[in-house]
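For the sequence shown, the tail end lands on 505 under the working numbering, and the numbers increase by one without skipping.
First the structure, in the form of structure tokens, and then the observations on it.
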Amino acid sequence: MLPQNRAVKSKWMKYAPQYYWGDDLDVRYYLLEQLRQLHGKKILDLGCGPGVILSEIPEDNERFGIDISKESLDFAKKVQGNEKTNFILGTVTGLPFQANSFDVLICANAVPGVDYAIDGNIESRQEEMFSEIVRVLKKGGTLYLSTPNGAHPYFQKKSKMKMARLETLLKKFFGSNYEIFGYKPIPLPKILRSKILAKIPGVERWLYSQAKNPRYKNSGWYFYVEAIKK
Numbered sequence: 276m277l278p279q280n281r282a283v284k285s286k287w288m289k290y291a292p293q294y295y296w297g298d299d300l301d302v303r304y305y306l307l308e309q310l311r312q313l314h315g316k317k318i319l320d321l322g323c324g325p326g327v328i329l330s331e332i333p334e335d336n337e338r339f340g341i342d343i344s345k346e347s348l349d350f351a352k353k354v355q356g357n358e359k360t361n362f363i364l365g366t367v368t369g370l371p372f373q374a375n376s377f378d379v380l381i382c383a384n385a386v387p388g389v390d391y392a393i394d395g396n397i398e399s400r401q402e403e404m405f406s407e408i409v410r411v412l413k414k415g416g417t418l419y420l421s422t423p424n425g426a427h428p429y430f431q432k433k434s435k436m437k438m439a440r441l442e443t444l445l446k447k448f449f450g451s452n453y454e455i456f457g458y459k460p461i462p463l464p465k466i467l468r469s470k471i472l473a474k475i476p477g478v479e480r481w482l483y484s485q486a487k488n489p490r491y492k493n494s495g496w497y498f499y500v501e502a503i504k505k
């Protein structure tokens with residue numbers, strides 16, 4: 276693993292191993308590469324969990340995390356230490372913030388989380404979430420989103436989001452102001468395990484270099500999205 280990714284994994288193993296992503300080549304490592312470049316922004320992480328992603332974002336940003344799990348937020352406070360990050364107990368379908376509050380929203384594999392709606396209305400909950408995202412995001416603000424590709428053989432039996440549904444949501448709430456990319460276009464997932472692939476020198480940098488290659492839009496293990504509110 277790259278040194279910065281190894282450090283992130285170490286945080287998981289130290290504070291909340293039960294919540295680790297489980298994939299040493301997860302799309303969220305690539306997401307972190309983008310988030311580390313942000314400065315002077317007001318940022319909200321939706322479904323922040325133990326707060327590891329937020330802990331990697333530069334301190335000159337104003338950082339907020341929201342999660343439905345008190346246990347996760349307790350871990351997040353330990354991960355952050357003395358760093359100034361605001362954690363809120365709440366849901367992604369009813370954000371306790373005023374409109375136009377944030378420059379950046381992060382939705383790192385959090386959309387499938389609303390699948391656990393009590394009433395079972397998955398699509399309704401997803402639309403409520405996206406409606407809230409657009410409401411609290413400032414004009415010109417950016418949504419960084421990642422989610423497993425539900426059409427990929429590795430995930431297709433796990434009720435993950437597919438391209439058509441993701442595009443429907445993005446078009447409805449962001450118009451044409453978004454890009455979807457396929458991440459980790461490596462075949463034979465049940466044979467080439469990520470723990471083995473991650474040991475291949477240069478594999479992470481290669482994945483990063485191919486992250487916005489349009490040829491992998493539908494074939495990656497994960498979707499990576501950048502959307503701008505106009």
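In this text, a Cβ means the ideal position worked out from N, Cα and C, and glycines have one as well.
Computed from a prediction, not measured in an experiment: that's the story for all the values here.
Residue i versus the options, residue with shortest Cα-Cα distance
i	options	result
D299	E337, W496 and A502	W496
K487	D335, K413, W287 and K459	K459
Q309	G324, Y290, Q279 and W296	Q279
A383	V327, E402, N375 and T360	V327
K437	R410, K446, P423 and L445	P423
G322	V302, G297, A351 and R311	A351
I381	V409, V283 and I475	V409
I341	K353, V354 and T360	T360
G365	I475, D320 and N375	D320
Residues that residue i bridges to, as DSSP identifies them
i	result
R490	Looking at the DSSP assignment, R490 forms no beta bridge with any residue, so it has no partner.
D320	G340 and I381
P428	Paired residue(s): none; P428 is not in a bridge.
Y499	S421 and F456
I363	I341
DSSP-derived helix/strand/coil call for residue i
i	result
K437	coil
F449	helix
K474	coil
D390	With a pLDDT of 45 at D390, under the threshold of 50, the modelled position of that residue is not reliable, and the figure given next carries that caveat. In the structure shown, D390 sits in a helix (DSSP, three-state: H, G or I).
L444	helix
G412	In the sequence on display, residue 412 carries Leu and not Gly. Here L412 sits in strand by DSSP.
Q355	helix
L300	coil
L370	coil
A282	helix
L277	coil
K505	coil
Supposed close pair residue i, residue j - CB separation, criterion 8 angstroms
i	j	result
F339	F405	Contact flag wrong, Cβ pair sits at about 18 angstroms.
E407	V367	7 angstroms
K492	G450	Not quite, the Cβ-Cβ distance comes to about 19 angstroms (not below 8 angstroms), so this is no contact.
S421	F362	Their Cβ separation, rounded to whole angstroms, is 21 angstroms, which puts S421 and F362 out of contact at 8 angstroms.
L482	Y305	7 angstroms
L307	E479	Contact doesn't hold; Cβ gap of about 11 angstroms is too wide.
K413	F372	With a Cβ gap of about 11 angstroms, K413 and F372 do not count as contacting.
Sequence-distant residues of its chain with Cβ nearer than 6 angstroms to residue i (five each side left out)
i	result
S347	G324 and P325
I318	N336, R338 and V379
Cut-off 8 angstroms between Cβ atoms - residues of its own chain near residue i, not counting five sequence neighbours on either side
i	result
G315	D335 and N336
L313	I332, P333, N336 and V379
N452	A502, I503, K504 and K505
Same chain, Cβ closer than 7 angstroms to residue i, five either side skipped, listed in chain order
i	result
F430	P423 and N424
Residue i beta carbon near the ligand SAM (any heavy atom closer than 6 angstroms)
i	result
K474	Looking at this structure, you won't find the ligand SAM or any other ligand, since it has none at all.
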